[in-house]
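*Asks:*
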């Protein structure tokens, strides 16, 4: 197993954790994160105002969200170019439980394949449409509804190729698009119970979240709830 850690070199607050991950994750290397504010960032990717797919996405893409999306695309391309069967992709605010992660990797080696996208999420909210395998508290599942965040996942070579070819135009954040399995034609699996944690608050805060003015917060929450309700109507099935 190879690992790719997305890290912006200018983010000095996160450097120590990125290096810690490089020493902990199997076959790890750092991948330079894309700066979404750079006009020359990825010339082959175009952005749209939330209107490519239904349901339409009700918010404008932020530069940080564009950068995160294109950073993951950079990792997918690395997997394809290297010819790996799959690789672990981690963001630099991840904290892992090495013992549980080792067991999760064993589940993937035994039951995974090149065409799988497998989340190892921080939040344990997903419910199974099907359970592929288990090892004590670890559950390898196909979730009915796909969770958010892309802090840690194992991406197969065929899944990377499928996602790369379908994201030359983007109109919403990467985790939001991955929920739309009917658009990407990419099922998303999950391993629950890995002990993964997000430590952004300890190393400089989130690179994506921004403060919303009180006057606009309620309207934004209403739009978000409506959007998520529409996505929830399209669960994955066993």
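Numbering (the working numbering), first residue to last: 1407 to 1644.
Just so you know, even glycine gets a beta-carbon here, dropped at the ideal spot from N, CA and C.
1. Apart from the five residues on each side of it in sequence, which residues of its chain come closer than 7 Å, Cβ to Cβ, to residue 1510?
2. Exposed or buried, which one is residue 1438 when buried takes at least 16 other CB atoms within 10 Å?
3. Could you tell me which of 1507, 1463, 1538 and 1462 sits nearest to residue 1559, measuring between CA atoms?
4. Which of helix, strand or coil does DSSP assign to residue 1349?
5. Kindly indicate which three-state DSSP category residue 1492 falls into: helix, strand or coil?
6. Could you give the DSSP three-state label for residue 1481: helix, strand or coil?
7. Below 7 Å CB to CB, which residues in the same chain sit around residue 1490 once its five sequence neighbours on both sides are set aside?
8. Restricting to Cα atoms, I'd like to know which of 1460, 1465 and 1421 is closest to residue 1628.
9. With 16 as the cutoff for other CB atoms within 10 Å, does residue 1590 come out buried or exposed?
10. Do you know offhand how far residue 1514's Cα is from residue 1556's?
11. Here's the rule: buried if 16 or more other CB atoms are within 10 angstroms of the residue's CB, otherwise exposed. What is residue 1479?
12. Classify residue 1627 as helix, strand or coil using the three-state DSSP reduction.
13. Would you mind sorting residue 1537 into buried or exposed? The rule is 16 or more other CB atoms within 10 Å of its CB.
14. Going by the CB atoms, is the gap between residue 1574 and residue 1452 shorter than 8 Å?
15. If we require 4 or more residues per run, which alpha helix (DSSP H) segments fall completely within the segment 1418-1454?
16. Spell out whether any CB of chain C is found under 8 Å from the CB atom of residue 1572.
*Replies:* Taking the geometry as given:
1. Apart from sequence neighbours up to five positions away, the residues of its chain that approach residue 1510 with a beta-carbon distance below 7 Å are 1526, 1544, 1597 and 1600, ordered along the chain.
2. Residue 1438 should be labelled exposed.
3. When only C-alpha atoms are compared, the closest one is 1507.
4. For the chain, the structure presents residues 1407 to 1644; residue 1349 sits outside this window and is missing.
5. In the structure shown, residue 1492 sits in a strand (DSSP, three-state: E or B).
6. It is helical.
7. The answer, listed in chain order, is 1408 and 1563.
8. The option with the nearest alpha carbon to residue 1628 is 1465.
9. With 16 or more Cβ atoms within 10 Å of its Cβ, residue 1590 is classed as buried.
10. Inter-residue distance for residue 1514 and residue 1556 is about 18 Å (C-alpha atoms, whole angstroms).
11. Under this definition residue 1479 is a buried residue.
12. Residue state, collapsed to three classes: helix.
13. By the beta-carbon neighbour count (other beta carbons within 10 angstroms, threshold 16), residue 1537 is exposed.
14. Yes, they are a contact pair.
15. For the segment 1418-1454, whole alpha helix (DSSP H) runs of length 4 or above, ordered along the chain, are 1418-1430.
16. This model lacks chain C altogether; it includes just one protein chain.
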